[in-house]
Structure formats: structure tokens, C-alpha cells
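Numbering (this note's numbering), first residue to last: 186 to 508.
Encoded as C-alpha cells, the structure appears first; notes follow it.
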Ligand SMILES: Cc1ncc(C[n+]2csc(CCOP(=O)(O)OP(=O)(O)O)c2C)c(N)n1
Ligand SMILES: [Mg+2]
């Protein structure tokens, strides 16, 4: 398959992965310093999936990212300022301080559907969006992400079946990160590949190395364009590893250290940087400049978010439709 990526685009995707890692690391520090609000999920290890898959969409396509897809929110135009203000529960945030996390962090002007906390409820919503594109004869595609744990639910199967029956222009990214909270894959299912669940419903399913940015991008790009041209839904199982705990409170002592050490050698950003250097597409100095730029942008976002006002308690019922 011919690469869809130009060298300029490769460098851009590297920036989004580095920004994702820098923001995630900064969020962890804020929480360790007691400056966080509520819980926050970890992103480490998922950068090639959230960036690679998200980047394969066109501007008019819609996406419902989940709790490990910070990179997708960023590259679709949700700024670090808005994301951090949300994480810190401020009034200037996407949810106006209603959520101190990524739940509900959507913006339809950016074609981002807010993440529904209940897993995998973003899935049927996104299949519905895809079906609406068919009814309206619009050449658009809808995409969402789910985890391995979410693939065990009935809703996962019902949604894929519906997508297949309606030949919906839909792409499902399954982030198989070996764990659902503290439950390893071996205690969740007896199959080796979650992809078989898609195929059982007549949905084309691919398996890809989730730590290889270009591989994720290319397989997703093909799926998106196939869906756009009437070829129906695709499910893409990205094999990866959740490198930190489920969320900030979770030390993940239940994960075997050898497993983590093994996956650490396949870090998606280290790998992509090695590819850029080996191909002469970037110098170490340029990679360092990107890292500096990301640090500056995240520092500005922290300043903005921490300087933002808290929600006014008098507005607590705004946006509540049933009391
Ligand atoms: C219906 C429902 N039950 C439980 C939860 C709590 N919860 C949030 S994330 C999570 C683990 C999900 O695992 P997986 O689907 O593998 O995604 P991962 O967190 O590993 O990326 C759980 C149990 C939830 N959000 N929704
Ligand atoms: Mg998981």
C-alpha cells in the first residue's frame, strides 16, 4: 500500500504525539502537586493510536474520542487551554466546569462528539451519526474508539451488527491495551484477537501495531476512504499497552514489570523519532525544538487554566433539562 503521508505531514503528526505526551505528563505533575480536580486518565502508550487514527479523518468527518484519546482532541482543534481548563474544572472549559476530566468534552463546531462516560455508549451514538450521513447523502464518515474491556459488552455487538446491516460509513478503533482497569485480557476473553468479533458481524476488521504511528494512520486512512465511498464499516484493532495506571489514583501494581519493560522498548514516540532520524526527515535539533515548543504551549495552557474562574454555584442548574 502506498504511503499517504508526506514528510511535512509526518513531522506534523510527530508534533501532535509530542504535544499529547507533554500535556499528559504535565497533568500527572499537577495532580501529584495537589493542583488537580477529580480524576484524570493516563495517555502514555496510546499516542500513536489517538493521533494516527484521528489524523486519517477529513475535516467534515465526526469523531467521538474516548478517555485515552487526548491526541485526537488536540489535532481536531481542541486547544490545550480548553482541555486543561476542563481537567481543572474551570468555568472557561468545554463543560463549563461540570466535569473535571474528558467526559462530555465535545465541540460540534470541531466535529467532536463529547465522550460518554458509560462505556461504550459513544459507540451506538457514532454509528447513528454515520447512518445519518447515508440518509442525507453526505460524503462523511463517523469514527469512535473503544477499549478491549468495552468490547465485552452487549452494546458493542449490537452496534457493530447495526453498522454492518446499514453499511454505515463508520470506523471503529479498538484500543486493545491489555487491561480493562485491573483486569488483564486473559480474564476478559479466551480469543486472541478482538478483530474476530467484528468479522462475526460481517464488519471488515484489521489488526495493527498500535505503537506504529504510520501503520495506524495508513490502515485507518484506507478504512475512512472506503467508508466514504460506500464500502461500509471497518473495525481496527490496535494492539498496544497502557503504560501507566488506569487513572491517576492507580499505581497499577498488578501489572507485571516485565510486560511493561517489554512494551517500553516499543514506545510509539521514541520509535517514530528514530524513523524520522534514520530517514533524514528530521535532525535531533529539530526534534528538540518540537519538544521545547510543546513545553511552552503546555506551560501557557496551565497558566490560562489556573487563571480561569471557577464556575458560579448559582449556575449549577444551567443545562440541566430535568430536575
Ligand atoms: C458502563 C460502565 N461501567 C464501568 C465504567 C468504569 N470504567 C471506566 S474506564 C473502565 C475500563 C475500561 O476498559 P477498556 O474498555 O479496556 O478501556 P481502557 O480504560 O483500558 O482504555 C471502566 C470499568 C464505565 N465508565 N462505564
Ligand atoms: Mg483496555
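Ideal placement from N, C-alpha and C gives every residue a C-beta, glycine not left out.
Test: residue i CB closer than 8 Å to a CB of chain C
i, result
"residue 358", "No chain C is part of this structure, which consists of one protein chain only."
Own chain residues within Cβ distance below 8 Å of residue i, not counting five before or after
i, result
"residue 459", "none"
"residue 497", "276"
"residue 341", "305, 308, 331, 335 and 382"
"residue 495", "274, 275, 276 and 282"
"residue 286", "223, 224, 225, 226, 252, 271 and 272"
Burial state of residue i, where buried means 16 or more other Cβ atoms lie within 10 Å
i, result
"residue 499", "exposed"
"residue 329", "buried"
"residue 441", "exposed"
"residue 201", "buried"
"residue 376", "exposed"
"residue 424", "buried"
"residue 173", "The structure shown has nothing for residue 173, since the chain only spans 186 to 508."
"residue 581", "Because the chain spans 186 through 508 in this model, residue 581 falls outside it and cannot be assessed."
"residue 194", "exposed"
"residue 439", "exposed"
"residue 434", "exposed"
"residue 401", "buried"
"residue 502", "exposed"
"residue 444", "exposed"
Close Cβ partners of residue i (< 6 Å) along its chain, the five nearest in sequence each way excluded
i, result
"residue 326", "246, 354, 409, 412 and 413"
"residue 213", "none"
"residue 314", "247 and 327"
"residue 208", "265 and 483"
"residue 311", "249, 327 and 329"
"residue 351", "316"
"residue 493", "270, 275 and 277"
"residue 221", "215"
"residue 289", "280 and 299"
"residue 489", "266"
Rounded C-alpha distance that separates residue i from residue j
i, j, result
"residue 186", "residue 372", "Unreliable positioning characterises residue 186 in this predicted model, as indicated by a pLDDT of 49, which lies under 50. The coordinate reading is nonetheless provided below. Taking the straight line from one Cα to the other gives about 36 Å."
"residue 344", "residue 309", "5 Å"
"residue 296", "residue 348", "20 Å"
"residue 365", "residue 417", "29 Å"
"residue 467", "residue 240", "20 Å"
"residue 477", "residue 491", "21 Å"
"residue 360", "residue 231", "8 Å"
"residue 293", "residue 356", "18 Å"
"residue 262", "residue 385", "36 Å"
"residue 227", "residue 253", "7 Å"
"residue 374", "residue 251", "22 Å"
"residue 206", "residue 507", "39 Å"
"residue 487", "residue 258", "17 Å"
"residue 429", "residue 272", "18 Å"
"residue 396", "residue 303", "26 Å"
"residue 446", "residue 452", "10 Å"
"residue 199", "residue 461", "9 Å"
"residue 437", "residue 406", "34 Å"
"residue 323", "residue 218", "48 Å"
"residue 291", "residue 234", "19 Å"
Beta-carbon separation (whole angstroms), residue i vs residue j, contact threshold 8 Å
i, j, result
"residue 393", "residue 404", "5 Å"
"residue 305", "residue 338", "6 Å"
"residue 362", "residue 456", "Not confirmed; about 17 Å, so no contact."
"residue 391", "residue 421", "5 Å"
"residue 255", "residue 399", "Their Cβ separation, rounded to whole angstroms, is 20 Å, which puts residue 255 and residue 399 out of contact at 8 Å."
For residue i, the three-state DSSP class (helix, strand or coil)
i, result
"residue 186", "Unreliable positioning characterises residue 186 in this predicted model, as indicated by a pLDDT of 49, which lies under 50. A coordinate reading is not provided."
"residue 423", "strand"
"residue 428", "coil"
"residue 248", "strand"
"residue 493", "coil"
"residue 274", "coil"
"residue 191", "coil"
"residue 508", "coil"
"residue 352", "coil"
"residue 500", "helix"
"residue 210", "helix"
Neighbourhood of residue i by C-beta distance below 7 Å, restricted to the same chain and skipping five residues each side
i, result
"residue 267", "278 and 279"
"residue 260", "201, 236, 239 and 240"
>> Using a strict less-than 6 Å threshold between each residue's beta carbon and the heavy atoms of ligand 3, what residues do you get?
In response: Inclusion of ligand 3 in the displayed structure is not the case, the ligand content consisting of ligand 1 and ligand 2 alone.
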